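Peer 1:
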Amino acid sequence: MPKRIPNITTPSLYFSPRLRSALSVMLTSPLTVIEAPMGYGKTMAVRAFLSKTRVRSAWTAILGSLAESFWQDFCRELSRAAPEMADAAQSLLRLGFPHDTTQAAAARTILAQADLSGPLILVFDDVHLLPAKESGQALASFCEFLAQSCLPNLRLVCIARDVRQGGKRELLSLKQVLSVVGWEPFALNPAEIREYFAFSGFVVSPSTARSLHAATGGWISALYLYLLRYGKDGVFKRPENPAEPTIAALVKNEVYMPLSAELKELLFRLAPLPNRRISYTGATRAGCFRNWSARTPLFFSTRIAACTRPTPCSRNA
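With our numbering as the guide, the letters of the sequence shown map in order to residues 1169 to 1485.
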């Protein structure tokens, strides 16, 4: 049984040396793509890494599929992060989102002619939310122009869930200017699992770390759920019902079941695909869940028996 350390800090953030080394490419590569499914801590890891450097960053989170809204947010963040770029940001705002190569080239020229006083990293988070054949491809062209220009003080970082989605599919063709950090450095190996648990207040044996790795594939979200379970049961164990996939059962037991009836109903109403089912064959591992989660909206539900609910739009008024 794992040994409890007096000061337990389960919300502690842990980033392995291997991950920190992988992320260091952001400081030198003209264009870096960070790709991993949801729950691997991409955004948190990049933010934490950049916060420990002296390099300024202009961070733009893509909150939906509207390219113009993203572009407005980007211009505003660029002006905030680098005040000397305020005029350039206004010019980019007037230009609008670069939907074609002509606009992308114009945006590149504006940035190239700006008087950037020091290193700056442009971070585009959740680029998979932009439609691939429209604004996603346009964003790829914009990043291509910038990366190939090799502006001395400018670096680009794109964060996404999956290489098959959004603009990043086009970005991956830019091998000569592109560095890719995949999900592997984000997944903890058994030794790193022991470090993470010790950092959070638990001492686990090598055999327990190997078991946790076998059950989760090193997925940090699943490991955190095991920490929550240990806080209640005092032992690391898989969910008791063997018919339920391990990860799905942990999410249900540790996240969903403790919610009030009102919050559960709210999640059902928010879920875009509330009746979707997942088919598993044999022992479900984190890899199966990882591949599914990369292509699935944030809200999902685990159904019990044949229980189904109508979607919000099909409910009676």
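Glycine included, each C-beta is placed from N, C-alpha and C at the ideal position. Predicted model, so just to flag it, every value in this text is computed and none were measured.
Check R1153 in the structure and name its three-state DSSP category.
Peer 2: In the structure displayed, the chain extends from 1169 to 1485; residue 1153 sits before or after that span and is not available.
Peer 1: In the DSSP output, which residue or residues are listed as bridge partners for W1387?
Peer 2: DSSP lists no partner for W1387.
Peer 1: Can you tell me the Cα-Cα spacing of A1315 and R1437, whole angstroms?
Peer 2: Approximately 42 angstroms, taken between the alpha carbons.
Peer 1: Inspect the CB distances between the segment 1307 to 1321 and the segment 1266 to 1275 and report whether three or more fall short of 8 angstroms.
Peer 2: A contact exists between the segment 1307 to 1321 and the segment 1266 to 1275.
Peer 1: Alpha carbon to alpha carbon, how far is A1355 from K1420? Give it in angstroms, no decimals.
Peer 2: Going by the C-alpha atoms only, they are around 22 angstroms apart.
Peer 1: Can you check whether the CB of L1234 is closer than 7 angstroms to the CB of S1225?
Peer 2: It is not a contact, given that the beta carbons lie outside the stated cut-off.
Peer 1: Give the single residue among A1282, P1320, A1328 whose Cα lies nearest to the Cα of P1251.
Peer 2: Of A1282, P1320, A1328, the residue nearest in Cα terms is A1282.
Peer 1: Can the beta-carbon of C1243 be found closer than 7 angstroms to that of L1263?
Peer 2: The answer is no: Cβ separation not under 7 angstroms.
Peer 1: Hey, how far is the Cα of A1462 from the Cα of S1389?
Peer 2: Because the pLDDT at A1462 is just 45, under 50, the model does not fix this residue reliably, and the point stays unresolved.
Peer 1: Assuming L1218 is part of the alpha helix (DSSP H), what are its boundary residues?
Peer 2: Start and end: 1210 to 1219.
Peer 1: Should C1318 go down as buried or exposed, given a rule of 16 or more other Cβ atoms within 10 Å for buried?
Peer 2: Classification of C1318: exposed, given that the 10 Å Cβ count is below 16.
Peer 1: Counting Cβ pairs, one atom from each stretch, are 3 or more of them under 8 angstroms apart for the segment 1189 to 1197 and the segment 1357 to 1371?
Peer 2: The segment 1189 to 1197 vs the segment 1357 to 1371: no contact.
Peer 1: Hey, how far is the Cα of L1324 from the Cα of Y1424?
Peer 2: Distance between the alpha carbons of L1324 and Y1424 is about 37 angstroms.
Peer 1: Would you decide whether D1294 is buried or exposed? Buried here means 16 or more other CB atoms lie within 10 Å of its CB.
Peer 2: Buried, by the Cβ-count rule.
Peer 1: Start and end of the alpha helix (DSSP H) containing F1183?
Peer 2: That residue, F1183, is in no alpha helix (DSSP H); it is neither H nor E in DSSP.
Peer 1: Looking at the secondary structure, which residues open and close the alpha helix (DSSP H) in which G1224 lies?
Peer 2: According to the sequence as given, residue 1224 is Arg; it is not Gly. Here R1224 belongs to no alpha helix (DSSP H); instead the beta strand (DSSP E) covers 1224 to 1229.
Peer 1: At the level of alpha carbons, what is the spacing between R1332 and V1291?
Peer 2: Confidence in R1332 is poor, its pLDDT being 44 and thus under 50, which makes the residue's placement unreliable; the coordinate value appears in the next sentence. Going by the C-alpha atoms only, they are around 20 angstroms apart.
Peer 1: Within its chain, find whatever has a CB closer than 6 angstroms to the CB of L1246; leave out the 5 residues flanking it on each side and keep chain order.
Peer 2: Result list for L1246: A1226, M1253, A1257, in chain order.
Peer 1: At 3 residues or longer, what runs of the beta strand (DSSP E) sit wholly inside the segment 1267 to 1335?
Peer 2: DSSP runs (the beta strand (DSSP E)) wholly in the segment 1267 to 1335: 1288 to 1293, 1322 to 1328.
Peer 1: Should E1433 go down as buried or exposed, given a rule of 16 or more other Cβ atoms within 10 Å for buried?
Peer 2: Burial call: exposed.
Peer 1: Going by beta-carbon coordinates alone, are L1396 and E1422 separated by less than 7 angstroms?
Peer 2: Yes, the Cβ-Cβ distance between L1396 and E1422 is below 7 angstroms.
Peer 1: How close, in whole Å, do the beta carbons of H1296 and A1249 come, if the pair is a contact with beta carbons under 8 angstroms?
Peer 2: At roughly 23 angstroms, the Cβ-Cβ gap does not stay under 8 angstroms, so H1296 and A1249 are not in contact.
Peer 1: To the nearest angstrom, how far is the alpha carbon of P1287 from that of V1223?
Peer 2: About 6 angstroms.
Peer 1: Taking the alpha-carbon positions, what's the A1416 to T1384 distance?
Peer 2: C-alpha separation (whole angstroms): 11 angstroms.
Peer 1: Within its chain, find whatever has a CB closer than 7 angstroms to the CB of N1321; leave out the 5 residues flanking it on each side and keep chain order.
Peer 2: If we look at N1321 and ignore the five residues flanking it on each side, its Cβ neighbours are L1284, G1286, P1287, L1288.
Peer 1: Taking Cβ positions, are A1213 and F1183 nearer each other than 7 angstroms?
Peer 2: Yes, these two residues count as a Cβ contact at 7 angstroms.
Peer 1: Let me check understanding here. Comparing Cα to Cα, which of P1353, T1228, A1272, D1330 lies closest to W1387?
Peer 2: Minimum Cα distance to W1387 is reached at P1353.
Peer 1: With DSSP collapsed to three states, give me the class of F1354.
Peer 2: If DSSP states are grouped into helix, strand and coil, F1354 belongs with the helices.
Peer 1: Just mark G1369 as buried or exposed, buried being the case when its beta carbon has 16 or more other beta carbons within 10 Å.
Peer 2: Counting Cβ neighbours within 10 Å, G1369 comes out buried, since at least 16 surround it.
Peer 1: If the criterion is Cβ atoms closer than 7 angstroms, does the pair L1199 and L1346 meet it?
Peer 2: Yes, the Cβ-Cβ distance between L1199 and L1346 is below 7 angstroms.
Peer 1: Take A1272 and list the residues in its own chain whose beta-carbon comes closer than 6 angstroms to its own, dropping the five residues that flank it on each side.
Peer 2: Here the set comprises P1266, S1309, F1310, F1313.
Peer 1: What are the start and end residues of the beta strand (DSSP E) that includes E1203?
Peer 2: Segment 1199 to 1203, the beta strand (DSSP E) holding E1203.
Peer 1: Which residues in the same chain have their Cβ closer than 6 angstroms to the Cβ of K1210, if we skip the five residues on either side of it in sequence?
Peer 2: If we look at K1210 and ignore the five residues flanking it on each side, its Cβ neighbours are I1202, A1204, I1327.
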